[in-house]
Amino acid sequence: MANYVGFYKGIQSAGAAVMWSLDSNGMSYMDELISNWVLLAGSLVIAFPVIFFRIKEHVPVEEDLKFSDETLADVLPEGHAEKSAVA
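Laid out in structure tokens, this is it:
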């Protein structure tokens, strides 16, 4: 999570520097507003496939454990039907 926060803060700082530069060059406020909305629309177009195709409502335990060293017996609570079948 910290990596994402650092990436976000880096992009935010770069955007602030670019907008400061555009403002100092005399860009009108309306043009700045339009550029902000265009950047927002472009980022939503990029985010659309991730939001609707990669984010799931439910992830099966087996898929969640795919790239970890844990097993079903390690993560399921005591008395769970699948845990007694695994052990």
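Following this note's numbering, the numbering of the sequence shown begins with 59 at its first residue and continues without gaps. Note that CB positions come from ideal geometry on N, CA and C, so glycine has one too.
Query raised in the report: What is the DSSP secondary structure of F125, reduced to helix, strand or coil?
Result: Working through the sequence shown from its first residue, we reach residue 125 at position 67. Coil at F125, not helix or strand.
Requested in this report: Please list, in chain order, all residues of the same chain as M77 whose beta carbon is under 7 Å from its beta carbon, the five residues on each side excluded.
Outcome: Locating residue 77 in the sequence shown gives position 19, counting from the first residue. E90.
**Report entry** beta-carbon F110 near the ligand MN non-hydrogen atom, thresh 6 Å
**Finding:** Of ligands this structure carries none, so the ligand MN is not represented either.
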